[in-house]
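Our numbering numbers the first residue of the sequence shown as 87 and each following residue consecutively.
The structure under discussion appears below in the form of structure tokens.
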Amino acid sequence: MEPIAIIGLGCRFPKANSPKTFWQLLKAGQQAVGTVPSERWDVETFYDPDPETVGKMSSCRGGFLDGVDRFDANFFGISEIEAQHIDPQQRLFLEVAWEALEHAAIAPLGLGGSATGVFTGLCTIDYHRLLYRDFGCIGPYSGTGTTMSITANRLSYLLDLRGPSMAVDAACSSSLVAVHLACQSLRAEESDLCLAGGVNLILSPDSMISSSQTGLLSAQGECRPFDAGADGYV
């Protein structure tokens, strides 16, 4: 029952691509919510302030990362053709996990054969839905590229990690559950080291339309937890 040490961290948040910039954003009280980027989808096509309008979203604001279409496939030994079929969530998880290990002063490629576990939380499958809308786009890499469990497995395979490797979908608490499972794995001594986290990318309007229909989105486009003026989330 020794204390568990967090020795490294990596992150990507709107307007903050590192723990340092994220902390600075928090200290400054900056607003990281913005309008849906045009490269995601055409906001005007789907926006309607009336949340009861079928097929529309009642908010055009959210927290979005920049450059999610960019990926250095060669760095991870992945061909350009395969990379096109890999969910950006998988690609993002590889990048941030690598950065977390560097932050911990651990050489990623030096972990080969070790009892290192990988636990990731995620619940969004937008890229899967986008890819499978056209059956002609499905190729030999589509299955592994869009299967949720491979988000963890791909990192384990890349670094030859021999600990548990799994993805968990617990909705909004997915990343917290992943950390919980990592702690259990360490205490059970099935892992000596764990990489735990979560990833969530909104790539299509589907989820925002659904949230609008259930009246969950803030008309102000702001999250105001525990505030009398709160009217939903972003």
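We put the beta carbon where it would ideally sit given N, CA and C, even for glycine.
Here the structure is a predicted model, which means the values were calculated and not measured.
Residue environment analysis places D255 among the exposed positions, since fewer than 16 neighbouring C-beta atoms fall within 10 angstroms of its C-beta. Residue environment analysis places I224 among the exposed positions, since fewer than 16 neighbouring C-beta atoms fall within 10 angstroms of its C-beta. With 16 or more other CB atoms across the displayed protein chains lying within 10 angstroms of its CB, C280 is buried. Between R126 and L289, the C-beta gap is smaller than 8 Å, which places the two residues in contact. For A282, the beta-bridge partners assigned by DSSP are F205.
In this structure, the straight-line span from the alpha carbon of D136 to that of S144 is close to 6 Å.
For L272, the CB contacts under 7 Å within the same chain, skipping 5 residues up- and downstream, are I90, C280 in chain order. Within the segment 183-270, the runs of alpha helix (DSSP H) that reach at least 4 residues and sit entirely inside it are, in chain order, 212-217, 228-232, 236-245. A190 sits close to I93, with the two beta carbons spaced by under 8 Å.
Approximately 27 Å separates the beta-carbon atoms of F157 and I295; this is outside 8 Å, ruling out the contact. Below 8 Å, enough C-beta pairs join the segment 225-245 and the segment 170-188 to call them touching: three or more. Short of 6 Å from the beta carbon of D278, and not among the five residues preceding or following it, lie these beta carbons of its own chain, in chain order: A201. Between L244 and the set S261, G198, G96, R98, the nearest pair of CA atoms involves G198.
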